[in-house]
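First comes the structure, then the notes that go with it.
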Amino acid sequence: MLGFGHLCIMVGYDSESFVLESVIHSIHERTPEVISKYAGYYGQAVMYIVYMIGCLFSPSILNEIGSKWILILSAICFASFPLGFFFINSWYYYLSQMLLGFGYALYYQGNGGYLTSKSTRQTLESNVNIAWSVGCCCLLISSGILASVTHMTHEQPAHLNSSLNPTSLDNRIERRFSDLEIKLLFGIFLGASIVAILNFIACPGRDVTNCIQETKKKGTFMGTFSEYREMRQGSGNASAN
């Protein structure tokens, strides 16, 4: 079930990554006031910045709410991104990129935590291999979705908008996506993310006997900050003395 959930959320994420900038360019050319032409690049930068910051806090969040709930929360974050392409809004787009980055950080913590809570020393290797083998099939499914949707809508103007300057470097080789293609693609991606949410909700929550994950918490999210504040105060007092 973990591998299937991985497959579902990555079907949307991997496919979106391949076509995002072309989709943003297509939207910008039709409605330039809605979103920046280079929002695809800016959004990816925002996503990875939040992912980097989220990696600092996700272990503490995992410690507080457990691996199952962190997987559910991460899948909700992944679902928020394709939802925005049904009502294009620049503010929501960047917000959803931030949620996507945070969800990415949460997911990999939850993935490792769930594997260790459902594995013993004897079963860990096989469980990891199965989960990642199933999850990595997302690339095959993603390519199939992109090929199917673009083939079904091949009569739509795809490669060059006739109203544009054909000698422009930006428009000579980049594919253009119609509104129909965008809604079909991101509707499928949203559906896959919703399936991932339902899948993680249905995942068993109880740890297996003799699992390799420690059951005793070594600290709390707020306790870590309290200890850090006390250390800073102690070092400040020592410096003053």
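Read in full-length UniProt numbering, the sequence shown has 235 at position 235, and its numbers run on one by one without any break.
Ideal Cβ positions, reconstructed from N, Cα and C, are used throughout, including at glycine.
Quick caveat: nothing in here was measured; it's all calculated off a predicted structure.
>> Applying the 10 Å Cβ sphere with the 16-neighbour rule, what's the burial state of residue 144?
In response: exposed
> Does DSSP put residue 18 in a helix, a strand or coil?
Replying inline: helix
> In terms of residue numbering, what span does the alpha helix (DSSP H) encompassing residue 114 cover?
Replying inline: 90-117
> So, helix, strand or coil for residue 36, using DSSP?
Replying inline: coil
>> With a threshold of 8 Å on Cβ separation, who are the neighbours of residue 96 within its own chain once the five nearest residues in sequence on each side are excluded?
In response: 80, 81, 83, 84
> Once you ignore the five residues that flank residue 55 on each side, which residues in its own chain have a CB closer than 6 Å to its CB?
Replying inline: 105
> Going by alpha carbons, who is nearest to residue 49 out of 103, 92, 8?
Replying inline: 103
> Apart from the five residues on each side of it in sequence, which residues of its chain come closer than 6 Å, Cβ to Cβ, to residue 107?
Replying inline: 74
> residue 202 and residue 1: beta carbons closer than 8 Å?
Replying inline: yes
> From what residue to what residue does the alpha helix (DSSP H) around residue 152 run?
Replying inline: 138-152
> Are at least three pairs of beta-carbons, each pair with one atom in the segment 12-19 and one in the segment 28-39, less than 8 Å apart?
Replying inline: no
>> Rounded to whole angstroms, what is the Cα-Cα separation between residue 140 and residue 131?
In response: 16 Å
> Taking the alpha-carbon positions, what's the residue 163 to residue 8 distance?
Replying inline: Its pLDDT being 46, under 50, residue 163 is placed unreliably in this model, and the coordinates cannot settle the point.
> In chain order, what residues of the same chain lie with their CB nearer than 7 Å to the CB of residue 91, ignoring the 5 residues before and after it?
Replying inline: none
> Thinking C-beta only, is residue 6 closer than 8 Å to residue 113?
Replying inline: no
> What are the boundary residues of the alpha helix (DSSP H) that includes residue 81?
Replying inline: 67-83
> CB-CB under 8 Å to residue 88, same chain, minus the five flanking residues each way: which ones, in chain order?
Replying inline: 27, 31, 34, 35
>> Quick check on DSSP: helix, strand or coil for residue 87?
In response: coil
> Ordered along the chain, which non-local residues of its own chain (more than five positions away) have a Cβ less than 8 Å from that of residue 149?
Replying inline: 181, 184, 185, 188
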